[in-house]
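Here's the structure we're looking at; comments come further down.
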Amino acid sequence: MPMLDINDNIKWTSEKEMNPSLMVNAALSAEISIQVKNLVKVYGKDKTIAVDDVSFNVGKGELFGLIGPDGAGKTSIFRMLTTLLLPEGGSATVNGNDVVKDYKKIRKSVGYMPGKFSLYQDLSIEENLNFFATIFGTTLEENYDLIRDIYIQIEPFKKRRAGKLSGGMKQKLALCCALIHKPTVLFLDEPTTGVDPVSRREFWEMLKRLKAQNITILVSTPYMDEANMCDRIALIQKGKILSIDTPAEIINAYPDILYKIKADNIYHLYLHLNEFQYTKSCFAFGEMLHVSFTKNMEEVQSELLNYLNQRGHQNVSMDLVIPTIEDCFIKLLSN
Amino acid sequence: MRTLKFLLQKEFKQIFRDKTIIAMILVMPTIQLLILPLAANYEVKNINLAFTDNDHSAYSQQLISKITSSGYFRLTGYNTSFKESMALIESDQADLVLEIPQDFERNLIRENQQKVFIAVNAINGVKANLGGAYLSTIIQNFNTEIRMELVTPSKSSFIPVIETTNSNWYNTLLNYNIFMVPGILAILVTMIAGFLSALNIVREKEVGTIEQINVTPIKKYHFVLGKLIPFWILGLVVFTIGLTLSRVIYGIVPMGSIPLLYCFVGVYLLAILGFGLLVSTYCETQQQAMFIAFFFVMIFVLMGGLFTSIDSMPEWAKIVSRFNPLSYLIEVMRMVILKGSGFKDIRYHFFIISIFALVLNSWAVWNYRKTS
Chain H
0 MPMLDINDNI KWTSEKEMNP SLMVNAALSA EISIQVKNLV KVYGKDKTIA
50 VDDVSFNVGK GELFGLIGPD GAGKTSIFRM LTTLLLPEGG SATVNGNDVV
100 KDYKKIRKSV GYMPGKFSLY QDLSIEENLN FFATIFGTTL EENYDLIRDI
150 YIQIEPFKKR RAGKLSGGMK QKLALCCALI HKPTVLFLDE PTTGVDPVSR
200 REFWEMLKRL KAQNITILVS TPYMDEANMC DRIALIQKGK ILSIDTPAEI
250 INAYPDILYK IKADNIYHLY LHLNEFQYTK SCFAFGEMLH VSFTKNMEEV
300 QSELLNYLNQ RGHQNVSMDL VIPTIEDCFI KLLSN
Chain P
0 MRTLKFLLQK EFKQIFRDKT IIAMILVMPT IQLLILPLAA NYEVKNINLA
50 FTDNDHSAYS QQLISKITSS GYFRLTGYNT SFKESMALIE SDQADLVLEI
100 PQDFERNLIR ENQQKVFIAV NAINGVKANL GGAYLSTIIQ NFNTEIRMEL
150 VTPSKSSFIP VIETTNSNWY NTLLNYNIFM VPGILAILVT MIAGFLSALN
200 IVREKEVGTI EQINVTPIKK YHFVLGKLIP FWILGLVVFT IGLTLSRVIY
250 GIVPMGSIPL LYCFVGVYLL AILGFGLLVS TYCETQQQAM FIAFFFVMIF
300 VLMGGLFTSI DSMPEWAKIV SRFNPLSYLI EVMRMVILKG SGFKDIRYHF
350 FIISIFALVL NSWAVWNYRK TS
């Protein structure tokens, strides 16, 4: 069966363009805030590679997202950039300071919010803020403007101990503490994990406001839907970067036409579609299946309907769907 | 300096918010000083004794009444056969059996010598040892008395007898409390300072706060000092409580200079806090830290010379105890409190403990890494 051309409106992305190391962000401002070059991190005696030759640049004032599943190496990258972990290979700079040599300068100028809540649970909101302000040699009043939007939401509870706060409030407090010394770069490691959808949306709104103040933000998340909020994202898996681009470009680069298909028995539909001879890819997406085919729909439609009818599927519905970041991610993984 | 001030402020806030820790610091020394010295008493009393009297003579009665009136023994059996007495030992009702043979009195007078038999239940070594020794002494005394009675002065007007008279210095009445309390106080100070400091940095690791601290420009020594100073002060507070209690309850007034005592404890606390910090830099969880600290403190206590004298330990143990900071504190406490020793007498101890403090703290600071 000869391969047919995919529709004109979908661009083919060649192997060359997909290579992350070549995708240097020419489009972004010349001023680079975070530069990562061939970074490698190896753990333990059995040489588990957590970060494998990772390179990317983040421009000043950019909101850059590291998107990937648990264990992809996101936290390791964060810990190396915040000088908590020494890389095994490669180099990285933050604000032009080397993460190994100039770690003292970096510690003064960055804010870090670890994935796990790590403020003093037995100190109150106010005490935590004042404590972190003092150790950076500043005061709450001095940088109040920067955190005001966030702080006013938790201010009514300022006498409450951090350990007694709800998840969303803890997260806001942690963000305040990371911002209290007016950092130029903000590292947020999975800030929305374990937070309800409303608080998550609020949180991203806050990040947008911070970005407006020209703070560079590197954020990681396992949630694909949050990727769209970033200026640019890097899809990362098993320590390797699969793709770096703006969310729109990544979606644009999706090579196939994607259909969502639904039927009464979704599980059997999944099995049968995987067996169908023109199926290119098929995976579950919510209560739908996202399917692409090796042929144009016009050529394949009748055959497909026949095929499904023969196997007794009821209420089959099919529609075109615009790929999401998740589709792109799955596509990249299968390559 | 400003950073250190705020670190200390934070540390104290956290300590005073933790009700358990405050209770530990205040109640533990009080309770332990009230109970332990009373219980940790080497004197063995109430040794259960069973007699097997095969003689039923005046002398055997005399011996029995002499033994029972000594106050150390409690008569739990008076039998006519050894078998019956042995049954008492087996059923744990007697610790010792004294068997007086048949014709005890007659042979003693006629042949000038007679043997008695002592059977000791050695399951409790201390009781067996001391009980046997007490009993032998009493029998010996009895022996001398009879000798005096029987030997006619005409034969020899002079019997050479060496009599020993003891005079107990520094603790005239051999009061165990006076001997034990300073030692127990030394252990208390070690436990509180050692455990608290060992657990503290680890707690920051476990909760994750150290992550946040590590990305700040806080200097290593600021952080370590911020941890050391609060516990140093707490250690001195515990010591003061203990010293006051031992004066109020046991009437122990230090013979030597109190400032000297505080000076030594101050340096000692630095050493033991250094030990705690060192443990905590090597551990990841509070559980690990607790076990490791417990392991060492246990050895410190058992080999510190409080319960068993270091002088009577085997050579290798003596060498080990030289690396035990607690043994120096116990010794100094006893020297200064009971004997009134001055700085000159304890300068060697001062020197050693200063080295301990220096080595342990430098090691801890060196091992506390902000990057892994």
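Chains as they are written, first to last, in numbering that gives the first Met the number 0: chain H, 0 to 334; chain P, 0 to 371. For glycine and all other residues, C-beta sits at the position ideal for the given N, C-alpha and C. None of the values given here were measured: they were computed from a predicted structure.
- For the pair G72 (chain H) and A91 (chain H), the CB atoms are not nearer than the 8 Å cut-off.
- Linking S68 (chain P) to L107 (chain P) through their CA atoms gives a straight-line distance of about 23 Å.
- N167 (chain P): not part of any beta strand (DSSP E); DSSP gives it neither H nor E.
- Within its own chain, the residues whose Cβ lies closer than 7 Å to the Cβ of G234 (chain P), once the five positions on either side in sequence are excluded, are V188, I191, A192, L268, listed in chain order.
- Annotation: P253 (chain P) to V335 (chain P) spans about 7 Å, alpha carbon to alpha carbon.
- The DSSP-derived three-state label of D344 (chain P) is helix.
- Taking a C-beta distance under 8 Å as the contact criterion, I216 (chain H) and F63 (chain H) qualify as a contact pair.
- CA-CA distance, D144 (chain H) to V206 (chain P), rounds to 30 Å.
- DSSP places G131 (chain P) outside any beta strand (DSSP E); the residue lies instead in the alpha helix (DSSP H), whose first and last residues are 124-149.
- Around the beta-carbon of H271 (chain H), 16 or more other beta-carbon atoms lie within 10 Å, marking it buried.
- Going by beta carbons, L227 (chain P) and L276 (chain P) fall inside the 8 Å limit.
- By the Cβ criterion, the stretch 176-189 of chain H is not in contact with the stretch 279-297 of chain H, since fewer than three pairs of Cβ atoms, one from each stretch, lie closer than 8 Å.
- What F284 (chain H) touches in chain P, judged by beta-carbon distance under 8 Å, is nothing: the nearest beta carbon there is about 35 Å away.
- In this structure, H:V109 is the residue among H:L84, H:E87, H:V109 with its C-alpha nearest to the C-alpha of N96 (chain H).
- For G225 (chain P), there are no C-beta contacts with chain H under 7 Å, since the nearest C-beta of that chain is about 10 Å from it.
- Looking at the DSSP output, I235 (chain H) sits in a beta bridge with H:I240.
- For L25 (chain P), the closest alpha carbon among the candidates P:Q285, P:T239, P:A270 is that of P:T239.
- Judged by beta-carbon spacing, G166 (chain H) lies within the 8 Å limit of V194 (chain H), meaning their Cβ atoms are closer than that value.
- In this structure, the straight-line span from the alpha carbon of V96 (chain P) to that of I186 (chain P) is close to 39 Å.
- Think of a sphere of 8 Å around the beta carbon of P229 (chain P): no beta carbon from chain H falls inside it, the nearest being about 14 Å out.
- Counting C-beta pairs closer than 8 Å gives fewer than three between the stretch 98-108 of chain H and the stretch 39-48 of chain H, which falls short of the contact rule.
- Residues of chain P whose Cβ lies closer than 9 Å to the Cβ of D121 (chain H) are, in chain order, K12, Q13, R16, D17.
- Inter-residue distance for R16 (chain P) and D121 (chain H) is about 7 Å (C-alpha atoms, whole angstroms).
- For the C-beta of N213 (chain P), the chain H residues within less than 7 Å are, from N- to C-terminus, L83.
- The beta carbon of I235 (chain H) sits no closer than 8 Å to any beta carbon of chain P.
- If you draw a 10 Å sphere on the C-beta of N94 (chain H), you find 16 or more other C-beta atoms in it, and that means buried.
- For V237 (chain P), same chain residues with a beta-carbon under 7 Å away, outside a window of 5 residues either side, are I24, P28, L187, V188, I191 in chain order.
- Proximity of F130 (chain H) to chain P, defined by a Cβ-Cβ separation below 8 Å, is satisfied.
- Rounded to the nearest angstrom, the gap between the Cα atoms of L303 (chain H) and M317 (chain H) is 11 Å.
- Contact of V109 (chain H) with chain P by beta-carbon distance below 9 Å involves V214.
- Of the residues H:E141, H:F130, H:A252, the one whose Cα lies closest to the Cα of A173 (chain H) is H:F130.
- Contact between F282 (chain H) and I329 (chain H) holds, since their C-beta atoms are separated by about 6 Å, short of 8 Å.
- The distance from the Cβ of L332 (chain H) to that of Q236 (chain H) is about 6 Å, consistent with a contact at the 8 Å cut-off.
- If you check each beta-carbon in the stretch 237-255 of chain H against every beta-carbon of chain P, none falls closer than 8 Å.
- For H55 (chain P), the secondary structure class from DSSP, reduced to helix, strand or coil, is coil.
- For the set P:R321, P:L32, P:Y281, P:L48, the Cα lying nearest the Cα of L129 (chain P) is the one of P:L48.
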